[in-house]
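**Student:**
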Amino acid sequence: MGGTPGPNDAVLVEDGHAMPALGHAIRFVPPKFGHQPGCFCCTARGPVANALSSFYRDRAMGAAPYFSRVIVLASRLGEADVKAALNQDAVTRARYRLA
């Protein structure tokens with residue numbers, strides 16, 4: 002996680018972090034804890050899994066360049082959300098892995 006994005010990288014950016022100048026970036030907002038309509042515990046997929054699916058769709062549809070890595074710009078809590086998506090979401094786990 003982390004690193005310097007290049008022009009052909011996908012960049013997953015936690016809300017509150019600056020958008021990079023290079024790469025195809027998508028912002029995610031970590032779930033707020035507490036019970037709210039549409040909260041993380043009641044939805045099938047979280048914001049990180051949805052953002053990673055958007056990267057996959059964008060690449061498949063030609064809206065994003067081919068990328069071989071996703072750079073994550075996030076706090077430790079945001080990084081934990083990414084790891085949770087990779088561990089708990091079957092679609093995300095099938096498309097991505099930690100390097």
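Take any residue in the sequence shown, count from 1 to its spot, add 1: that is its number in the working numbering.
Backbone N, C-alpha and C fix where the C-beta goes; we use that ideal spot for every residue, glycine too.
A quick note: this is a predicted structure, and the numbers were derived from the prediction, not measured.
With DSSP run on the structure shown, which of helix, strand or coil describes residue 70?
**Tutor:** In this structure, residue 70 counts as coil in the three-state DSSP scheme.
**Student:** Taking the straight line between their C-alpha atoms, what separation do you get for residue 8 and residue 92?
**Tutor:** Near 26 Å, if we compare the C-alpha coordinates of residue 92 and residue 8.
**Student:** Nearest-angstrom Cα distance between residue 4 and residue 77?
**Tutor:** 14 Å
**Student:** Since residue 92 is in the alpha helix (DSSP H), which residue starts that stretch and which ends it?
**Tutor:** 91-96
**Student:** So what's residue 13 in DSSP terms, helix, strand or just coil?
**Tutor:** Assigned with DSSP and collapsed to three states, residue 13 falls in strand.
**Student:** So residue 29 and residue 6 are in contact, right, with Cβ under 8 Å, and what is the actual spacing, rounded?
**Tutor:** Rounded, the Cβ-Cβ distance is 15 Å, inconsistent with contact.
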